[in-house]
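Residue numbers (the numbering used here): 47 to 643.
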């Protein structure tokens, strides 16, 4: 007989056609019963059973049900070594299967495997022909597509030839010098300095540039920049050139024999022009310019001069001033910040960041009802960095998406693992203002909740007022989407901003988190007591959950409990701790946890 293996079954492919043959063609047996052939399949070796009835190993073999006492079988293989099945002979009587029998079986095996090789090669050849046909077909399509693309590219190049020279040195939208022309012009000025003239590089950034560019569109934003430059006007006794090194910033080069005087006039004109109203079609626009200045008396290196002007503008943003002049101290600070940003980038790429967890506790029962995830980074030389410092650095150098995703992923993953300890466990995560401007943020949250099977209603995102001020329409859209999928939203640092109550009306918050600054002197300060009472009263009327952070004493805990707040966070219950330590303490508290507050 020839038997063929098919997954977990073995079929009779070819057998004796006699009427007394118990193994007709097409008969199927399930593997795993201990058949003779199954042993050949498993060992891939010749098997001879002379008389199973007398052999304790084989007397209970299922083939004995058909009276087959004797068996001789060999494996059949495809050319690639995969198992095809078995070739075997059976007998109802005792049979010793002499060497001639075995040689005949092996000869048949070689013949069958030769046929299998022919089938295998034929199938392989057909597959190769199909693959070749497919490749030829795709290649022909690619060639046709390439020809079409080449013709289109030639047409585009012919159409662009008239503008190439201009575009090499100018910004198309405004007509100002582009970055390469700016660098070239500055290099030429500094290479041949005039004894009577000095040079200043003025870099202008705008606090609301990205929002205006997105709202108005690139074309209208170009018009705003051109209007600003027109309002500054020409300088009769000085040379002034305008460049647009990036889509949102401008750079001016002022060359004058009376540089201090003209530079002062120029800065005043820029501030006045930037603060005035711009009419763009039917839209009224206000700019908020920041001006960084670097002088050629400090350096004659063009790249360094441009870098100084940019760092001065960034320092201007951080300080709140309208104009900031470069200084050696600013260079040192900028270098230190760049070094820190590089360290942080390495930490993100090498997975050196970690999460700590601070418990949120029911002040009535002392049960742990959740935790806030806080980012930590311990540098081997510079020491440990807090959550706030890391978030600020990540926002400054564009790493907030990577850092934010790290926090979300690890916090949700860890919290999902703790559901087996506390099914109602809630995790709170701080959200940056930059994340609230990301159109993919909601999808990111949804994917992580699905991936780690974490309930949306047990995820709480803490948002500060600064995250809402930057772009209220975008933030509102994202928060409403998060609210619709069940994610809880909490207004963090409540009471410290100027519009906290207004945001409770504008956005779909589920709760508030009262800032710890109101707790520090609450035992002795009646005004702080009254403020906290008022906030708790408003939250109760609006049916908002309340968490009070910064609880460090029993007296503070007793005060919030007496006035209707039932969830607290602070050193009284525990400092932020690594996940391993938190998990052990959570297990200790698990018998107290029954449901979320």
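Virtual Cβ for every residue (Gly too), placed ideally from N, Cα, C.
As the structure is a prediction and not an experimental result, all values here were calculated from the model.
- Identify whether residue 54 lies in helix, strand or coil by the three-state DSSP scheme. The answer is coil: DSSP assigns residue 54 none of H, G, I, E or B.
- Item | Own chain residues within Cβ distance below 8 Å of residue 259, not counting five before or after | Taking C-beta separations shorter than 8 Å and ignoring five residues to either side along the sequence, the partners of residue 259 in its chain run 267, 293 and 294, following chain order.
- residue 348 burial status per 10 Å Cβ neighbour count (16 or more: buried): With 16 or more neighbouring CB atoms inside 10 Å of its own CB, residue 348 falls in the buried class.
- Output the distance between the C-alpha atoms of residue 314 and residue 255, rounded to the nearest integer angstrom. As the crow flies, the alpha-carbon of residue 314 is around 20 Å from that of residue 255.
- Query: What is the rounded straight-line gap between the Cα of residue 208 and the Cα of residue 220?
  - Reply: Pairing residue 208 with residue 220, the inter-Cα distance amounts to about 18 Å.
- How big is the Cα-Cα spacing for residue 569 and residue 594? Their backbone Cα atoms lie some 15 Å apart in a straight line.
- Measure the CB-CB distance between residue 558 and residue 528 and report whether it falls below 8 Å. No, Cβ-Cβ distance for residue 558 and residue 528 is not below 8 Å.
- Task: Output yes or no for whether 8 Å exceeds the beta carbon distance between residue 419 and residue 393.
- Result: The answer is no: Cβ separation not under 8 Å.
- Take residue 77 as the anchor and find which of 55, 499, 232 and 91 has the nearest alpha-carbon. The option with the nearest alpha carbon to residue 77 is 55.
- Task: Would you mind giving the Cβ-Cβ distance between residue 556 and residue 582, rounded to the nearest angstrom? I have them listed as a contact below 8 Å.
- Result: Your pair residue 556 and residue 582 does not check out as a contact, with CB atoms roughly 16 Å apart and the cut at 8 Å.
- Query: Quick one: Cα of residue 322 to Cα of residue 333, how far?
  - Reply: About 8 Å.
- Message: On the DSSP letters alone, give me the boundaries of the beta strand (DSSP E) that residue 47 sits inside.
- Response: For residue 47, no beta strand (DSSP E) encloses it, and the DSSP letter there is neither H nor E.
- Message: What ranges does the alpha helix (DSSP H) occupy inside the segment 483-560, keeping only unbroken runs of at least 4 residues that lie completely in it?
- Response: Qualifying alpha helix (DSSP H) stretches, in chain order: 487-497, 512-515, 518-530 and 546-552.
- Return the first residue and the last residue of the alpha helix (DSSP H) that residue 267 is part of. Note, residue 267: alpha helix (DSSP H), 264-278.
- Message: Taking the beta carbon of residue 357 as the centre, do at least 16 other beta carbons fall within 10 Å, making it buried, or is it exposed?
- Response: A buried status is given to residue 357, since no fewer than 16 other beta-carbon atoms sit within 10 Å of its beta-carbon.
- Message: DSSP three-state label for residue 112, please.
- Response: Three-state result, residue 112: helix.
- Task: For the segment 98-182, list the beta strand (DSSP E) runs that are entirely contained and at least 3 residues long, ordered along the chain.
- Result: Scanning the segment 98-182 for uninterrupted beta strand (DSSP E) segments of 3 residues or longer gives 116-123 and 129-137, listed from N- to C-terminal end.
- Message: Classify residue 603: buried if its beta carbon has 16 or more other beta carbons within 10 angstroms, exposed otherwise.
- Response: Buried is the call here.
- Classify residue 611 as buried or exposed, calling it buried when 16 or more other Cβ atoms lie within 10 Å of its own Cβ. Taking all protein chains shown into account, residue 611 has 16 or more neighbouring C-beta atoms within 10 Å of its C-beta and is therefore buried.
- Query: Is it the case that the Cβ atoms of residue 453 and residue 421 are separated by a distance below 8 Å?
  - Reply: For residue 453 and residue 421, yes; Cβs fall inside 8 Å.
- Item | Residue of 461, 619 and 407 minimising C-alpha distance to residue 497 | For the set 461, 619 and 407, the Cα lying nearest the Cα of residue 497 is the one of 461.
- For residue 615, which of helix, strand or coil comes out of DSSP? Assigned with DSSP and collapsed to three states, residue 615 falls in strand.
- Query: Helix, strand or coil: which one does DSSP assign to residue 416?
  - Reply: In the structure shown, residue 416 sits in a strand (DSSP, three-state: E or B).
- Item | Simplified DSSP state of residue 15, which is helix, strand or coil | Only positions 47 to 643 of the chain appear in this structure, which leaves residue 15 out of reach.
- Query: Where does the unbroken alpha helix (DSSP H) through residue 455 begin, and where does it stop?
  - Reply: Taken as a continuous stretch (DSSP letters only), the alpha helix (DSSP H) holding residue 455 covers 446-464.
- Query: On the three-state DSSP scale, how would you describe residue 590?
  - Reply: DSSP places residue 590 in coil when its eight states are reduced to three.
- Item | Residues of its chain near residue 138, where Cβ-Cβ distance is below 7 Å and the 5 sequence neighbours each way are ignored | If we look at residue 138 and ignore the five residues flanking it on each side, its Cβ neighbours are 113, 114 and 115.
- Check whether residue 609 and residue 584 have beta carbons under 8 Å apart: No, Cβ-Cβ distance for residue 609 and residue 584 is not below 8 Å.
- Use the C-beta contact count for residue 180: other C-beta atoms within 10 angstroms, 16 or more gives buried, fewer gives exposed. With fewer than 16 other Cβ atoms within 10 Å, it is exposed.
- Query: Straight-line CA distance for residue 619 to residue 629?
  - Reply: Roughly 15 Å separates the two Cα atoms.
- Item | Selection from 552, 455 and 431 that minimises the alpha carbon distance to residue 523 | Comparing C-alpha distances from residue 523 to each of 552, 455 and 431 shows the shortest one belongs to 552.
- Item | Limits of the unbroken beta strand (DSSP E) element including residue 477 | For residue 477, the enclosing beta strand (DSSP E) has its first and last residue at 472-477.
- Ordered along the chain, which non-local residues of its own chain (more than five positions away) have a Cβ less than 6 Å from that of residue 369? 313 and 337, listed in sequence order.
- CA-CA distance, residue 467 and residue 526? C-alpha separation (whole angstroms): 31 Å.
- Short Cβ contact (8 Å threshold) for residue 132 with residue 60: Their beta carbons are not under 8 Å apart, which means residue 132 does not touch residue 60 by this criterion.
- Message: What I want to know is whether the C-beta of residue 212 ends up closer than 7 Å to one or more non-hydrogen atoms of the ligand PLP.
- Response: Among the ligands in the structure shown, none appear at all, so the ligand PLP cannot be discussed.
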